[in-house]
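S.K.:
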Amino acid sequence: MMSARMLRSNSTLSAVAAAVNVPPASPAMGSKGVFSIINAAPSDHKFKHLFYQCGDSAFNVRVKEEIKLLQSSLPPGIWVTTFEDRM
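Per this note's numbering, the sequence shown starts with residue 286, numbered consecutively.
1. Quick one: residues in its chain with C-beta nearer than 7 Å to the C-beta of Gln356, no 5 flanking neighbours on either side, listed in chain order?
2. May I ask you to report which of helix, strand or coil DSSP gives Phe332?
3. Taking 7 Å as the threshold (C-beta atoms), are Glu351 and Ile322 in contact?
4. Alpha carbon to alpha carbon, how far is Lys317 from Leu359?
5. Can you tell me the Cβ-Cβ gap for Lys333 and Ala343, rounded? I've got them flagged as a contact below 8 Å.
6. Starting from Ile322, trace the beta strand (DSSP E) in both directions and tell me its first and last residue.
7. At which residues does the alpha helix (DSSP H) containing Arg347 begin and terminate?
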């Protein structure tokens, strides 16, 4: 039996998947994972109202490196979604 929390998170995931036009999972999907950036987090995102301000340029450089790595090196079947307004 699914809890209300699980149902809510599944519907949120479905809404996000629909927003970015994520194809259904299939073995023929290709040899890479999917990394996508959405403009804004959903209004019911758990951490939507928490903000982290980092003035450290080394941190920003590292985040950019991690994004490049995610864009090029995800294994098949792995989907990562990030929100531009959260970066």
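Positions of the beta carbon are idealized from the N, C-alpha and C atoms, including for glycine. Since this is a predicted model, take the numbers as computed values, not measurements.
M.R.: Quick look at the numbers:
1. Position 71 of the sequence shown, counting from 1, holds the residue named residue 356. Sequence-distant partners of Gln356 (beyond 5 residues in either direction) whose C-beta falls short of 7 Å from its own C-beta, in its chain, are Phe320.
2. Locating residue 332 in the sequence shown gives position 47, counting from the first residue. Here Phe332 sits in coil by DSSP.
3. Taking the first residue of the sequence shown as 1, we reach residue 322 at position 37. Taking the first residue of the sequence shown as 1, we reach residue 351 at position 66. Taking a C-beta distance under 7 Å as the contact criterion, Ile322 and Glu351 do not qualify as a contact pair.
4. To locate residue 317, count along the sequence shown from 1; it is residue 32. To locate residue 359, count along the sequence shown from 1; it is residue 74. Going from the Cα of Lys317 to the Cα of Leu359 covers about 6 Å.
5. For this step, residue 333 is matched to residue 48 along the sequence shown. For this step, residue 343 is matched to residue 58 along the sequence shown. Not a contact, Cβ separation roughly 27 Å.
6. Within the sequence shown, the letter at position 37 stands for residue 322. Unbroken beta strand (DSSP E) run through Ile322: 319 to 323.
7. Position 62 of the sequence shown, counted from the start, is the residue given in the question as residue 347. Element bounds for Arg347: 342 to 358.
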